[in-house]
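One structure is given below, encoded as structure tokens.
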Amino acid sequence: MDNKNEFKPYIPADKVVPEFTVTSIVIGIILAVVFGAANAYLGLLVGMTISASIPAAVISMGIIRVILRRDSILENNIVQTIGSAGESLAAGAIFTLPALFLWAEEGKIEFPSMITIFFIALFGGLLGVCFMVPLRQALVVEEHGTLPFPEGTACAEVLLAGEEGGAKAGTVFTGLGIAAFYKFVADGLKLFPSEIGYAFKGYAGSQIGIQVLPSLAGVGFICGPKIASYMLAGGALSWFVLMPAIALFGGDATIFPGTDPISTMAPDDIWGNYIKYIGAGAVATGGIISLIKTFPLIIRTFKQAMASMSRKHAQENSLRTQRDLPMPVLLVILAAIVILIWIIPTFPVSPFGSLLIVIFGFFFASVSSRMVGLIGSSNNPVSGMAIATLIIATLVLKATGTDGTTGMVGAIAIGGVICIIAAIAGDTSQDLKTGFIVGATPRNQQLAEMIGVVVSAAAIGGVLYLLNEAWGYGGEEIPAAQATMMKMLVEGIMNADLPWALIFIGVFVAITVEILKVPVMPFAVGMYLPFSLSAGIMAGGVVRFIVEKIKGTDEEKKDRADRGVLFTSGMIAGEGIMGIVLAVLAVLEVDSAIDVAAKLNISVPQIVSLVIFIFLLAYLYRVCMKKSK
Numbered sequence: 090m091d092n093k094n095e096f097k098p099y100i101p102a103d104k105v106v107p108e109f110t111v112t113s114i115v116i117g118i119i120l121a122v123v124f125g126a127a128n129a130y131l132g133l134l135v136g137m138t139i140s141a142s143i144p145a146a147v148i149s150m151g152i153i154r155v156i157l158r159r160d161s162i163l164e165n166n167i168v169q170t171i172g173s174a175g176e177s178l179a180a181g182a183i184f185t186l187p188a189l190f191l192w193a194e195e196g197k198i199e200f201p202s203m204i205t206i207f208f209i210a211l212f213g214g215l216l217g218v219c220f221m222v223p224l225r226q227a228l229v230v231e232e233h234g235t236l237p238f239p240e241g242t243a244c245a246e247v248l249l250a251g252e253e254g255g256a257k258a259g260t261v262f263t264g265l266g267i268a269a270f271y272k273f274v275a276d277g278l279k280l281f282p283s284e285i286g287y288a289f290k291g292y293a294g295s296q297i298g299i300q301v302l303p304s305l306a307g308v309g310f311i312c313g314p315k316i317a318s319y320m321l322a323g324g325a326l327s328w329f330v331l332m333p334a335i336a337l338f339g340g341d342a343t344i345f346p347g348t349d350p351i352s353t354m355a356p357d358d359i360w361g362n363y364i365k366y367i368g369a370g371a372v373a374t375g376g377i378i379s380l381i382k383t384f385p386l387i388i389r390t391f392k393q394a395m396a397s398m399s400r401k402h403a404q405e406n407s408l409r410t411q412r413d414l415p416m417p418v419l420l421v422i423l424a425a426i427v428i429l430i431w432i433i434p435t436f437p438v439s440p441f442g443s444l445l446i447v448i449f450g451f452f453f454a455s456v457s458s459r460m461v462g463l464i465g466s467s468n469n470p471v472s473g474m475a476i477a478t479l480i481i482a483t484l485v486l487k488a489t490g491t492d493g494t495t496g497m498v499g500a501i502a503i504g505g506v507i508c509i510i511a512a513i514a515g516d517t518s519q520d521l522k523t524g525f526i527v528g529a530t531p532r533n534q535q536l537a538e539m540i541g542v543v544v545s546a547a548a549i550g551g552v553l554y555l556l557n558e559a560w561g562y563g564g565e566e567i568p569a570a571q572a573t574m575m576k577m578l579v580e581g582i583m584n585a586d587l588p589w590a591l592i593f594i595g596v597f598v599a600i601t602v603e604i605l606k607v608p609v610m611p612f613a614v615g616m617y618l619p620f621s622l623s624a625g626i627m628a629g630g631v632v633r634f635i636v637e638k639i640k641g642t643d644e645e646k647k648d649r650a651d652r653g654v655l656f657t658s659g660m661i662a663g664e665g666i667m668g669i670v671l672a673v674l675a676v677l678e679v680d681s682a683i684d685v686a687a688k689l690n691i692s693v694p695q696i697v698s699l700v701i702f703i704f705l706l707a708y709l710y711r712v713c714m715k716k717s718k
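Residue numbers (our numbering): 90 to 718.
Spelled out as structure tokens, the structure:
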């Protein structure tokens, strides 16, 4: 393919401009921690995360161009590279590691140390970056024009439209401020409830509701009406078909894993005791189906990766835009990680087992990089890969005599590493695509990604501890959907006591949905999560649908959607940051001091929450429809 010869980056290869500077590193580190914490909160709440590359790039342009009066597109690119690493590492960590906290709460194990969490996150992150280096030539350069890399290309467009940095950064910060204030009033001062619901008396087992939170509207807007509607459909099946059926046919019976008669259970109890297992079966099947469907792609990518690794690139004489981190450095990092995984007791594996984790990791890194190139990071089935890894790791550990809590912790640690490898490899490939278009030095970006990984790995343990201390995982505030499901799977396989009938119902629902050509993952996640969450996400999807349906040229429609994406990215970050602040207040036990509703003994009707949420959605619509100057 000649695309790589024809393509000319924005900054030519022979031009040297400020790139890997102290300013870009410091701003990038701050954004990595902020977006990492915000995305950890969002992922534990909703079960999905959003890409931080574009908001990080926009904020960076606002600071570097507007405040510092400097003008280097490559500095901004380094900032978004470091910043987005925080979000991706958080996405990988929250799908698995909270399971360790859940076991600790049950008294089965000690709470995981910050060092343990740091090592799991660090190994996964560094391996994800290292594996992407030899893949860059094959996937980013040679397939330019074939693999679109949606987020990477969009981020490059934002950087190239840098003159609007001030205005676009203003849109992100406005969303951030509004959502943070909204969250503080709703869940801090508790002046109005952030969740409203109604249980139907004549239709036992069902309950309708909506969580009126800015982050949910933001996720719905960014994912779009299709994905949001699939999630809502999954939720509707659980809450209006399966749960009423369980209530109707269960009657006064006490059915495992429940411990009370079904007739005495509220809808939330039916969901917690039965639907979670059905949803887990559907999510696991969705993950496995997505892997099977991409299997030919996986094999092809793996062959390409091996071929590009065996090729010798003359680094010394190559152009600035072709310089990667040298292979000897990568091999040293890989060897060190293999040895450390073997030595550290959290991973109960032999030296061969340690090597297998790294080989498995490379396999999933190459899959993840190719997948995000085709369908974008948001659709990357990271949790599907983690489920497959967890099932295999648990079965292998059990078969080799490492069972009980040691085996369970080992399976989650291995699953955590693989999950983070897949998330970081996907993010690195998007960032390298952005760099390829704007003319960055790959080696600088790869180093920047590693800096983002180290900083985020150091911060993620604190965030996980803080959220657990404040509210505990698996509750209303932070359901931790994927991690709870991973815990159930590992326990069930180790103890041979999974309620298989419920899981198989989920499996066959997922297969039916796949036959009907409906995307399984969003539908299955919708089945697994409370209906109120999916309803909040659908509200954002509806705004996106209206904005895109109103007449205008293609360029006008794109401008509207772009403004909405920036504003809602800000909303998600704002609520995530305020969520972390409220967690700190809860840990310090001063949350009751600011609970105005309790002090004044006022109870706000649910309709008020709904009206306020509609006002927020109307403001989002207004932001989208504002004419560009």
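For every residue, glycine included, the Cβ atom is placed at its ideal position computed from N, Cα and C.
Q. Which residues bound the beta strand (DSSP E) around Glu232?
A. To locate residue 232, count along the sequence shown from 1; it is residue 143. Counting along the chain, no beta strand (DSSP E) covers Glu232, and no H or E run does either.
(Q) Following a CB-centred definition, is Ala628 positioned closer than 7 Å to any heavy atom of the ligand MG? (A) As far as ligands go, the structure on display features none, and thus does not contain the ligand MG.
(Q) Per the DSSP calculation, Ile299 is bridged to which residue(s)? (A) The sequence position of residue 299 within the sequence shown is 210, counting from 1. In DSSP, Ile299 forms a bridge with Ile285.
Q | Neighbour-count burial assignment, Arg158, 16 or more Cβ in a 10 Å radius | A | As a working mapping, residue 158 is identified with position 69 in the sequence shown. The residue in question, Arg158, is exposed, as its Cβ has fewer than 16 Cβ neighbours within 10 Å.
Q: Under the assumption that Gly181 contacts Thr523 (Cβ atoms under 8 Å), give the Cβ distance between them as a whole number of angstroms.
A: Along the sequence shown, one-based indexing puts residue 181 at 92. Along the sequence shown, one-based indexing puts residue 523 at 434. That belief does not hold up - the Cβ atoms of Gly181 and Thr523 are roughly 20 Å apart, past 8 Å.
**Q.** Alpha-carbon to alpha-carbon, Val372 and Gly595
**A.** For the purposes of this step, residue 595 is identified with residue 506 of the sequence shown, where counting begins at 1. For the purposes of this step, residue 372 is identified with residue 283 of the sequence shown, where counting begins at 1. Their backbone Cα atoms lie some 8 Å apart in a straight line.
Q: Would you mind listing the alpha helix (DSSP H) stretches within the segment 553-602 that are 4+ residues and don't spill past its ends, in chain order?
A: Segments of the alpha helix (DSSP H) lying fully in the segment 553-602: 570-584.
Q | Terminal residues of the alpha helix (DSSP H) in which Phe525 lies | A | In the sequence shown, counting from the first residue as 1, residue 525 sits at position 436. It spans 493-527 - the alpha helix (DSSP H) in which Phe525 sits, taken as one unbroken run.
Q: Measure the CB-CB distance between Leu302 and Leu553 and report whether it falls below 8 Å.
A: Counting from 1 along the sequence shown, the entry for residue 302 is found at position 213. Counting from 1 along the sequence shown, the entry for residue 553 is found at position 464. Not in contact: Leu302 and Leu553 (Cβ atoms no closer than 8 Å).
Q.
Just to check my reading of the structure: Ala548 and Val122 have Cβ atoms closer than 8 Å, yes? What is that Cβ distance to the nearest angstrom?
A. For the purposes of this step, residue 548 is taken as the residue at position 459 of the sequence shown. For the purposes of this step, residue 122 is taken as the residue at position 33 of the sequence shown. Right, the Cβ-Cβ distance comes to about 5 Å (below 8 Å), so this counts as a contact.
Q) Is the Cβ-Cβ distance between Val676 and Glu558 less than 8 Å? A) Position 587 of the sequence shown, counting from 1, holds the residue named residue 676. Position 469 of the sequence shown, counting from 1, holds the residue named residue 558. Going by C-beta atoms, Val676 is nearer than 8 Å to Glu558.
Q. What is the rounded straight-line gap between the Cα of Thr250 and the Cα of Phe238?
A. Against the sequence shown, residue 250 aligns to sequence position 161. Against the sequence shown, residue 238 aligns to sequence position 149. Per the sequence presented here, residue 250 reads as Ala, with Thr not at that position. Ala250 and Phe238 have their C-alpha atoms spaced approximately 18 Å apart.
(Q) With the cut-off set at 8 Å, would you say Ala599 and Met221 are in Cβ contact? (A) As a working note, residue 599 is residue 510 in the sequence shown. As a working note, residue 221 is residue 132 in the sequence shown. No, they are not a contact pair.
(Q) Between the alpha carbons of Ile626 and Asp651, how many angstroms are there, rounded? (A) Taking the sequence shown and counting its residues from 1, one reaches residue 626 at position 537. Taking the sequence shown and counting its residues from 1, one reaches residue 651 at position 562. Distance from the CA atom of Ile626 to the CA atom of Asp651, rounded to whole angstroms, is 18 Å.
Q) Would you call Lys401 buried or exposed, if buried means 16 or more other Cβ atoms sit within 10 Å of its Cβ? A) Taking the first residue of the sequence shown as 1, we reach residue 401 at position 312. Bear in mind that the predicted position of Lys401 carries a pLDDT of just 46, short of 50, making it unreliable; the figure below should be weighed with that in mind. Taking a 10 Å sphere around the C-beta of Lys401, we find fewer than 16 other C-beta atoms and assign the residue as exposed.
(Q) Do Ser443 and Gly515 count as a contact pair if the criterion is CB distance below 8 Å? (A) Sequence index remark: in the sequence shown, residue 515 carries index 426 (1-based). Sequence index remark: in the sequence shown, residue 443 carries index 354 (1-based). No, these two residues do not count as a Cβ contact at 8 Å.
Q: Check whether the Cβ atoms of Ser327 and Ile364 lie closer than 8 Å to each other.
A: For the purposes of this step, residue 327 is taken as the residue at position 238 of the sequence shown. For the purposes of this step, residue 364 is taken as the residue at position 275 of the sequence shown. Yes, the Cβ-Cβ distance between Ser327 and Ile364 is below 8 Å.
Q: With DSSP collapsed to three states, give me the class of Lys688.
A: In the sequence shown, counting from the first residue as 1, residue 688 sits at position 599. It is helical.
Q) Measuring CB to CB, does Leu178 end up less than 8 Å from Gly214? A) As a first step, residue 178 must be located in the sequence shown, where it is residue number 89. As a first step, residue 214 must be located in the sequence shown, where it is residue number 125. Contact: yes.
Q.
One question on the structure: do Arg532 and Arg412 come within less than 8 Å of each other, judged by their Cβ atoms?
A. Locating residue 532 in the sequence shown gives position 443, where the first residue counts as 1. Locating residue 412 in the sequence shown gives position 323, where the first residue counts as 1. Against a cut-off of 8 Å, the Cβ pair of Arg412 and Arg532 comes out as a contact.
Q.
With distance defined between alpha-carbon atoms, name the residue in Val438, Ile426, Pro440, Gln519 nearest to Val461.
A. Mapped onto the sequence shown, residue 461 falls at position 372. The residue with the shortest Cα to Cα distance from Val461 is Gln519.
Q. Is it true that the CB of Ala500 sits closer than 8 Å to the CB of Leu486?
A. Taking the sequence shown and counting its residues from 1, one reaches residue 486 at position 397. Taking the sequence shown and counting its residues from 1, one reaches residue 500 at position 411. Taking 8 Å as the Cβ cut-off, Leu486 and Ala500 qualify as a contacting pair.
Q.
Quick check on DSSP: helix, strand or coil for Lys716?
A. Reading the sequence shown from its first residue, position 627 is the one you call residue 716. DSSP, read as helix, strand or coil, puts Lys716 in coil.
Q: Measuring alpha carbon to alpha carbon, tell me which of Trp560, Leu587, His233 ends up nearest Ile526.
A: Locating residue 526 in the sequence shown gives position 437, counting from the first residue. For Ile526, the closest alpha carbon among the candidates Trp560, Leu587, His233 is that of His233.
Q. What residue range is occupied by the uninterrupted alpha helix (DSSP H) comprising Ser149?
A. Position 60 of the sequence shown, counted from the start, is the residue given in the question as residue 149. Under the DSSP assignment, Ser149 falls in the alpha helix (DSSP H) whose first and last residues are 142-150.
Q. With a Cβ-Cβ cutoff of 8 Å, do Phe449 and Thr478 count as a contact?
A. To locate residue 449, count along the sequence shown from 1; it is residue 360. To locate residue 478, count along the sequence shown from 1; it is residue 389. The answer is yes: Cβ separation under 8 Å.
Q) Is Phe96 helix, strand or coil when you go by DSSP? A) Residue 96 sits at position 7 when you count from the first residue of the sequence shown. The answer is coil: DSSP assigns Phe96 none of H, G, I, E or B.
Q: Figure out for me which residue from Ala288, Ser304, Asp103 has the closest Cα to the Cα of Leu655.
A: Position 566 of the sequence shown holds residue 655. The residue from Ala288, Ser304, Asp103 with its alpha-carbon nearest to that of Leu655 is Ser304.
Q) Can you name the start and end residues of the alpha helix (DSSP H) that Asp648 belongs to? A) Locating residue 648 in the sequence shown gives position 559, where the first residue counts as 1. Counting along the chain, the unbroken alpha helix (DSSP H) around Asp648 starts and ends at 643-676.
Q. Between the segment 270-285 and the segment 661-679, do at least 3 Cβ pairs fall closer than 8 Å?
A. Segment contact: the segment 270-285 against the segment 661-679, three or more CB-CB distances shorter than 8 Å; contact assigned.
Q) Grouping DSSP H, G and I as helix and E and B as strand, with all else coil, what is Asp276? A) Locating residue 276 in the sequence shown gives position 187, counting from the first residue. Note: Asp276 maps to helix in three-state DSSP.
(Q) Using 8 Å for Cβ pairs, my map puts Ala258 next to Val155. What's the rounded Cβ distance? (A) Within the sequence shown, numbered from 1, the residue matching residue 258 stands at position 169. Within the sequence shown, numbered from 1, the residue matching residue 155 stands at position 66. At roughly 7 Å, the Cβ-Cβ gap stays under 8 Å, so Ala258 and Val155 are in contact.
Q.
My output table needs one value for Tyr292: the three-state DSSP class, helix, strand or coil.
A. By 1-based counting over the sequence shown, the position of residue 292 is 203. Three-state result, Tyr292: coil.
Q: Could you check the C-alpha separation between Gln571 and Ser472 for me, to the nearest Å?
A: Residue mapping note: residue 571 aligns to position 482 of the sequence shown, counting from 1. Residue mapping note: residue 472 aligns to position 383 of the sequence shown, counting from 1. Those two C-alpha atoms are separated by around 7 Å.
Q: For Ala336, I'd like the list of residues in its chain whose CB is within less than 7 Å of its CB, leaving aside the five on either flank, ordered along the chain.
A: Numbered from 1 along the sequence shown, position 247 holds the residue referred to as residue 336. Only residues of its own chain outside the window of five on either side were considered, and among them Ala293, Gly294, Ile351, Ile359 have a CB closer than 7 Å to the CB of Ala336, listed in chain order.
Q. Roughly how many angstroms lie between the CA atoms of Lys36 and Phe702, to the nearest whole one?
A. The chain is shown only over 90 to 718; residue 36 falls outside these bounds and no answer can be derived.
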